[in-house]
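Student: Encoded as structure tokens, here's the structure I'll be asking about.
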Amino acid sequence: MRRLFVYVVFLLLVAGRTISLNPSLNDDLLGLIVFKADFQDPDGQLASWNEDDDSPCGWKGVRCDPRSNRVSDLTLDGFGLSGRIGRGILQLQFIRKLSLAKNNLTGSLTFGLAQLENLRVFDLSENSLTGPLPSNFFSRCKSLVSISLANNKLTGPIPDSLTSCPMLAALNFSGNQFSGLLPSGIWSLQGLRSLDLSSNLFEGEIPKGIEGSNNLREIRLGKNRLTGEIPDGIGNCLLLRSIDLSENSISGSIPSSLQMLTLCNTLNLQKNSLVGEVPEWIGEMINLESLDLSGNGFSGSVPASAGKLLSLKLLNISMNSFSGSLPESIINCVNLVVVDVSQNLLTGNLPTWLFKLGLHEVYFLENRLIGDMGTSLKSLTYHSRQNLLVLDISKNSLTGAIPSTLGDLSSLQYLNLSKNSLIGGIPDSIEELKALEILDMSENQMNGTIPMKIGGAISLRELSLEKNFLSGTIPTSLEKCTSLTSLILSRNSLTGSIPAAFAKLTNLQTVDLSYNKLTGTLPRQMANLDHLLSFNISHNQVQGELPGGAFFNTITPSSLYGNPFLCGAAVNKSCPAVLPKPIVLDPNSADSTPDSVPTNPTHRKKILSISALIAIGAAATIIIGVISITVLNLRVRSATPHSAAAFTLSGGDGFSSSPTTDANSGKLVMFTGDPDFSTEAHALLNKDCELGRGGFGAVYRTVLGDGRSVAIKKLTVSSLVKSQEDFEREVKKLGKIHHRNLVVLEGYYWTPSLQLLIYEFVSGGNLYKHLHEGSGGNFLSWNERFTVILGIAKSLAHLHQMNIIHYNLKSSNVLIDSSGEPKIADSGLARLLPMVDRYVLSSKIQSALGYMAPEFGCKTVKITEKCDVYGFGILALEVVTGRRPVEYMEDDVVVLCDMVRGALEEGRVEECIDERLKDKFRPDEVIPVMKLGLICTSQVPSNRPDMAEVINILELIRCPSADQEELV
């Protein structure tokens, strides 16, 4: 009986009706049961919630008031729950704390806090909630003290009803997509102590009246679009401990009232448009621990009063226009851990006093420092030697040699001395830097050899020594640096051969040895370097055949230029064959040794070399294979009409389906209602209606009985397709994916021997035909091409947001609809395979040659969304140039991205633009798109942007003028 009553309550709540329960039944218990019914609980966290119990007070996550025995706290943080927040929660009329943080909750908030009048703490942070807040969300919230909706996907403005929460002390809406102006009455909340609205889309000025927020301790408005100046009244909030206004467009100067905030420990104004000098009174903020003024337009000298900030741990004034030298008074800041003054106009020597502090990170890059760097390092104290982790003094004008005291920095992990005027050699003391991970001494005037002791720096991951005057051989001791991923030694005078020890560096990804004097052959063991993404040995004297293996079979030809004695397919030059003496069999010869040669002409017809026997055997094998394949094809063709003819229809569960127990018939499921398949079934796979073939199967056009056309893909990966249950589950997921730039999956058909996918029919043909098979004046204009590129980017971003990788991106899989919008086909089909194996995929998708990212050739490199980004980059270049990703000439192979990259470096990029566009394109759009395409085709996956970033870049590239003349 209780179960029946709970079900009735559930139905009433779903209907949105307010109910009054029999007092003999516990309102809280019934409300929680209904609340639970809206969730999926895969980890069984709510297993103790049983409707047969008399009270919920013993349930997990539930706490009751001991006096009233009513639910007071509901804390389900990190329970792994998904679903929507239902109306059952409204039955908990005495609840004071509701916390559902760190789950997977979705949907919008449809109720207001007025229905939970006793609520004090409300936390829904770190979920996936969407939509705007109701306008009355905060009405009658007189008890609310703390609310957090951080890290969701909520949109719209903050309702003005927020000012109805007089007790509110903590408000955290960070990490959402809230927009509009900040609520004008927000400072009227007299109890407000912490305000965090960072990482949203708020715009306009910070509202006036902040001086009235006497209790404010923390204000975080960073990463928005705020403009105007910092309100002068902020200095009246004497209790402020933390101020973060970073990454906005705030202008003006630092208001003088800030000097009154003597309790403030964090001031972050980075990446704004602030100007002027930093005033001397900054030293009055004596409790500052973190001062970040980076990325503004500050100028003048760094004030000497900074030395009064004795609690300061972080000082970041980078990316400004500060001049002069750092004041020596900073030596008083004994708690300093990080100093970043990079990208300014600072002059003078590298301060010797700097290394008397126990700093962990020092950034002086890109200034105008001069003098001998060795003098500064001589002042190292024991404290500095033990603590310094990062030292970057690159892009200055420092001179002198690197002192041997460098080895005293035993904790150093990052050292960048590049782009100075340093001379001398690399000291042997480099072996003492056991923790060093990144070493960059490139673009100096260093000479001598690379010391053998460099192998002692066993933690090295990146080593850059290019553009120096180094000579001698590459030390074999580098084999000890087993974590090495990047080795750049280009543009020196290195000699000798490439050490075979390189084969032990199994983590290598990028190697550049170009423009040296290296000789010898490449060690064959290097074929085992599975992570290798880039290997450049151009302009040396290396000879012989390249190692075998997945990477070296597809190496970029430009990485090999300038080595005239290299041979192999990659350089389009055959290697000299070393043929053994032919083995001859003569059954009539008394000498049975292999080298005996018959002398009797009558016996020649009885003599066959081993190579001839092999050739005959191979020919026989080929003939047998051809016959077998022919027989199999005949069987498939005879089976296909029989399977297709099994189409029947019956409705149910919102789908159109045809479940059957007959092994010879199939199951048809449609996601869009009951189509009329009155057309004869065998016509579904009529050869005359074939539209094309791809890596996953052939596609046919079929006209339904109602006159509507659909495209049917017959999968040819049957031996790899999952079981029927897994197949149907994955296909139904794909059927729920909808985006204007994705081809809609309308249904499927299943038998054990035949699987069909039913798609919407897109009439405009595919992008490949538009680009490469058009004739006359029938071609895409630049505006049409840009629309295609942007649409592809948006569709991929949508797929990646749903954790789906396309894998098979190419121009023949991009369809163009009647309005010129692109629609991507084959989305997510790799999910139909039992496991996403790169070798299975690469063998099934041979037609995607040129679009596939290089990591497909590396067994241990993770396949991510960045593979699609690579394919997008190739597509973008194809659309702009009108050329195929790989083109085979009579005696050459042209790789599109290499051709464009070379043209860009040589300043002739406009030669690459499709000549059919002639002068009817916008250079300020076309060339940035080409550069974006090259960035997306980076050999290193982490260097490629994600698709959301690509969309932002494209929208910035697009000329904003609304009345611009259409180019056709």
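Position 891 of the sequence shown, counted from 1, bears residue number 1133 in my numbering, the numbering being contiguous throughout.
We put the CB at the ideal spot given by N, CA and C, even for glycine.
(1) According to the neighbour-count rule (16 or more other Cβ atoms, all chains shown, within 10 Å of its Cβ), is Leu437 buried or exposed?
(2) Can the beta-carbon of Val1142 be found less than 8 Å from the beta-carbon of Cys1154?
(3) Quick one: what's Thr993 bridged to in DSSP?
(4) Thinking just about the alpha-carbon of each residue, which of Ile524, Leu771 and Gly539 is nearest to the one in Ser491?
(5) Kindly indicate the opening and closing residues of the alpha helix (DSSP H) around Asp306.
(6) The ligand SAH and Glu721: does the residue's C-beta get closer than 7 Å to at least one heavy atom of that ligand?
(7) So Asn658 and Met688 are in contact, right, with Cβ under 8 Å, and what is the actual spacing, rounded?
(8) By the DSSP assignment, the beta strand (DSSP E) with Pro1165 in it spans what residues?
(9) Based on the DSSP output, what are the partners of Ala1064 in its beta bridges?
(10) Thr617 lies in the alpha helix (DSSP H); which residues open and close that run?
(11) By a C-beta neighbour count over all protein chains shown, 10 Å radius and 16 as the cutoff for buried, is Arg1158 buried or exposed?
(12) Select from Ser440, Phe1003, Ser800 and Asn346 the residue whose C-alpha is nearest the C-alpha of His781.
(13) Who does Asn629 pair with in a DSSP beta bridge?
(14) Between the C-alpha atoms of Leu619 and Asn662, what's the straight-line distance to the nearest angstrom?
(15) Tyr1130 bridges to which residues according to DSSP?
(16) Along the beta strand (DSSP E) that carries Ile680, what are the first and last residues, could you check?
(17) What did DSSP end up calling Ala411 once you bin it into helix, strand or coil?
(18) Pull up the CB-CB distance for Tyr1049 and Ala1072, whole angstroms please, since I reckon it's below 8 Å.
(19) I'd like to confirm the pairing. Which residues does DSSP put opposite Ala786 in its beta bridges?
(20) With distances taken from CA atoms, which of Asn778, Arg1125, Met1189 and Asp294 is nearest Gln1181?
(21) Return the chain-ordered list of same chain residues with a C-beta closer than 7 Å to the C-beta of Gly1062, the five sequence neighbours on each side being excluded.
(22) Return the CA-CA distance between Ser367 and Asn394, expressed in angstroms with no decimal places.
(23) Are three or more beta carbon pairs between the stretch 280-291 and the stretch 307-314 nearer than 8 Å?
(24) Per DSSP, which residues does Ala940 bridge with? Please list them.
(25) Would you kindly work out how many angstroms separate the C-alpha atoms of Ala745 and Asn770, rounded to a whole number?
(26) Just to confirm before moving on: does the CB-CB distance between Val1128 and Gly1092 stay below 8 Å?
(27) Does DSSP classify Gly475 as helix, strand or coil?
(28) Go ahead and pull the three-state DSSP assignment for Gln287.
(29) Using beta-carbon positions only, say whether Pro308 and Leu271 come within less than 8 Å of one another.
(30) State yes or no: is the C-beta of Leu424 within less than 8 Å of the C-beta of Ile452?
(31) What is the DSSP secondary structure of Gly566, reduced to helix, strand or coil?
(32) Considering only C-alpha positions, which residue in the set Met1094, Gly667, Gln655 and Ala1039 is nearest to Lys676?
(33) Between the alpha carbons of Ile472 and Ser455, how many angstroms are there, rounded?
(34) Going by C-alpha to C-alpha distance, which of Met1044, Phe420, Phe364 and Leu351 sits closest to Pro376?
(35) Cα separation between Glu673 and Val985?
(36) Look at the alpha carbon of Arg1125 and the alpha carbon of Leu775, and state the distance between them as a whole number of angstroms.
Tutor: On the basis of the data shown:
(1) buried
(2) In this structure, Cys1154 lies closer than 8 Å to Val1142 by Cβ.
(3) Leu996
(4) Gly539
(5) Correcting the residue identity first, residue 306 is Cys in this sequence and not Asp. Boundaries for Cys306: no alpha helix (DSSP H) harbours it, while the beta strand (DSSP E) harbouring it runs Val304 to Cys306, taken from the DSSP string.
(6) The ligand SAH is absent from the structure shown, which contains no ligands of any kind.
(7) Contact flag wrong, Cβ pair sits at about 14 Å.
(8) Where Pro1165 is concerned, there is no enclosing beta strand (DSSP E), although the alpha helix (DSSP H) it sits in stretches over Pro1165 to Cys1178.
(9) In the sequence as displayed, the identity of residue 1064 is Pro instead of Ala. In DSSP, Pro1064 forms a bridge with Ile1058.
(10) Met615 to Leu619
(11) exposed
(12) Nearest of Ser440, Phe1003, Ser800 and Asn346 to His781, Cα basis: Ser800.
(13) According to DSSP, which records beta bridges pairwise, Asn629 is partnered with nothing at all.
(14) Distance between Leu619 and Asn662, taken at the CA atoms: about 16 Å.
(15) Tyr1130 is bridged to Val1135.
(16) Ile680 to Asp682
(17) coil
(18) 4 Å
(19) Looking at the sequence itself, residue 786 is Gly, so the reference to Ala does not match. Note: Gly786 sits in a beta bridge opposite Leu808.
(20) Asn778
(21) Glu1026 and Thr1029
(22) 7 Å
(23) no
(24) Arg935 and Lys956
(25) 7 Å
(26) yes
(27) If DSSP states are grouped into helix, strand and coil, Gly475 belongs with the helices.
(28) Coil, per DSSP.
(29) no
(30) Judged by beta-carbon spacing, Ile452 lies beyond the 8 Å limit of Leu424, meaning their Cβ atoms are not closer than that value.
(31) strand
(32) Gln655
(33) 15 Å
(34) Leu351
(35) 58 Å
(36) 24 Å
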